[in-house]
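Enquirer: Okay, handing you the structure first.
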Amino acid sequence: MKKKFQGVVVPMITPLKQNLTIDTAAVTRIMGKFAENGISPLVLGTTGESASVGEKESLRFMQAAVKARKPGQLVYAGLVGNDVGALLSLARQYADMGVDAVVSTLPSYYILTPDQMKKFYLTLAETVKAPVFMYNIKATTQMSIPLEVVEELSHHPNIAGLKDSERDEEKMKKSIELFEDRADFSFFCGWGAQGGNSLKLGADGIVPSTGNIVPELYGWLYRAFTSGDFAAVDHFQALTDQVGAVYQKGRTLGQSLAALKVLMHDAGLCGTTMMPPLTEYGPEEANLIIANFKALAL
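The sequence shown begins at 1055 in our numbering and counts up by one.
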């Protein structure tokens, strides 16, 4: 089934200059690499250090991404934070810029009840003139959006989909079964190791952070999927798993993002600067990360 929102959406790293401002030239370079491989960006998602980027630079980043957008490329705008008023303001400004959808986590300082979750997303959907995606990521919010809540909200005309990064295989399968025949609602798998498998099960799209450094592998994976070559899907999934292990294995989420920027810097895409409180790697560890990546048989 052809849906408006589907395919590969990579949660883009936030390229920073040493003074912690957005490197807009790097934004253009990365957007171009994505476009070459049929990939759209999720700007200021978890991989983009979104919780640490202030309003001014968030707006500069989003504007640069929208400006660099190529034909057929969608811009998904991430929303992360605890100040609901500020989130609504950012979402409105992103919509005015022309983003294609906003993708919001739950405000997460307090654990929310299902009714509070519903109220938040309904307020967002009724305030913003852009399609809204729910973003379920228990690793950072410490909450799981119940599938019953997602199903209820999915019938709102301005709620367009779910990005699910919770590592729950049974819930993922139930979500896919529930939404695969819904033309008005898309399910995106944000669990990198399940990307290819989720597509074969009926997911509409995948959101792999590893696509920042090997977008071509995800372009090939998705084309293999659309052509029905599931053996090739499995092949490319295995390769991306190897890449993911290089920068993720044995590291915290924040450390893995710093390692990912090391690889992207080596590829000439961006610098290695991290937004505090995260820190970048020194030369010795950076060189080891690069060596391990180059040792892969890709």
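Every residue, glycine too, gets a C-beta built ideally from N, C-alpha and C.
If the criterion is Cβ atoms closer than 8 Å, does the pair Val1062 and Gly1092 meet it?
Expert: Here residue 1062 is taken as the residue at index 8 of the sequence shown, counted from 1. Here residue 1092 is taken as the residue at index 38 of the sequence shown, counted from 1. Yes, these two residues count as a Cβ contact at 8 Å.
Enquirer: Classify Pro1069: buried if its beta carbon has 16 or more other beta carbons within 10 angstroms, exposed otherwise.
Expert: Indexing the sequence shown from 1 puts residue 1069 at position 15. It is buried - the Cβ of Pro1069 has at least 16 other Cβ atoms within 10 Å.
Enquirer: Hey, would you say Leu1332 sits closer than 8 Å to Ala1313, going by beta carbons?
Expert: For the purposes of this step, residue 1332 is taken as the residue at position 278 of the sequence shown. For the purposes of this step, residue 1313 is taken as the residue at position 259 of the sequence shown. No, the pair does not count as a contact, with Cβ atoms beyond the cut-off.
Enquirer: Buried or exposed: Gly1086, going by 16 or more other Cβ atoms within 10 Å of its Cβ?
Expert: Reading the sequence shown from its first residue, position 32 is the one you call residue 1086. Under this definition Gly1086 is an exposed residue.
Enquirer: For a test of the three-state rule: what should DSSP assign to Ala1155, helix, strand or coil?
Expert: Position 101 of the sequence shown holds residue 1155. Ala1155: strand per DSSP, three-state reduction.
Enquirer: Tell me whether Pro1168 is buried or exposed, calling it buried when 16 or more other Cβ atoms sit within 10 Å of its Cβ.
Expert: If you number the sequence shown from 1, residue 1168 lands on position 114. Exposed.
Enquirer: Return the bridge partner residues of Tyr1189 from the DSSP annotation.
Expert: Taking the sequence shown and counting its residues from 1, one reaches residue 1189 at position 135. Paired residue(s): Lys1217.
Enquirer: If you measure from the CB of Thr1280, is any heavy atom of the ligand SAM nearer than 7 Å?
Expert: With respect to the ligand SAM, the structure offers nothing, as it holds no ligand at all.
Enquirer: Is it the case that the segment 1256 to 1271 contacts the segment 1068 to 1083, given that we only count it when at least three CB pairs across the two stretches are under 8 Å?
Expert: They do not touch, by the three-pair rule.
Enquirer: To the nearest angstrom, how far is the alpha carbon of Leu1294 from that of Thr1280?
Expert: Residue mapping note: residue 1294 aligns to position 240 of the sequence shown, counting from 1. Residue mapping note: residue 1280 aligns to position 226 of the sequence shown, counting from 1. The identity of residue 1294 in the sequence shown is Thr, whereas the question assumes Leu. Spanning the two alpha carbons is a distance of roughly 18 Å.
Enquirer: I'd like to check one pair, Met1116 with Val1153: are the Cβ atoms closer than 8 Å?
Expert: For this step, residue 1153 is matched to residue 99 along the sequence shown. For this step, residue 1116 is matched to residue 62 along the sequence shown. Their beta carbons are under 8 Å apart, which means Val1153 touches Met1116 by this criterion.
Enquirer: Could you name the residues of the same chain whose beta carbon sits closer than 7 Å to that of Asn1136, not counting the 5 residues immediately before and after it, in chain order?
Expert: Residue numbering aside, residue 1136 sits at position 82 when the sequence shown is read from its first letter. Cβ within range, chain order: Pro1161, Ser1162 and Tyr1163.
Enquirer: Can you round the beta-carbon distance between Ala1214 and Phe1187 to whole angstroms, since I take them to be within the 8 Å contact cut?
Expert: As a working mapping, residue 1214 is identified with position 160 in the sequence shown. As a working mapping, residue 1187 is identified with position 133 in the sequence shown. Confirmed, about 6 Å.
Enquirer: Can you grab the Cα-Cα spacing for the pair Gln1072 / Lys1124, in whole Å?
Expert: Translated into positions along the sequence shown, residue 1072 becomes position 18. Translated into positions along the sequence shown, residue 1124 becomes position 70. Distance between the alpha carbons of Gln1072 and Lys1124 is about 28 Å.
Enquirer: Determine the extent of the beta strand (DSSP E) in which Pro1065 is found, giving its start and end residues.
Expert: Taking the sequence shown and counting its residues from 1, the one referred to as residue 1065 is at position 11. It spans Gly1061 to Pro1065 - the beta strand (DSSP E) in which Pro1065 sits, taken as one unbroken run.
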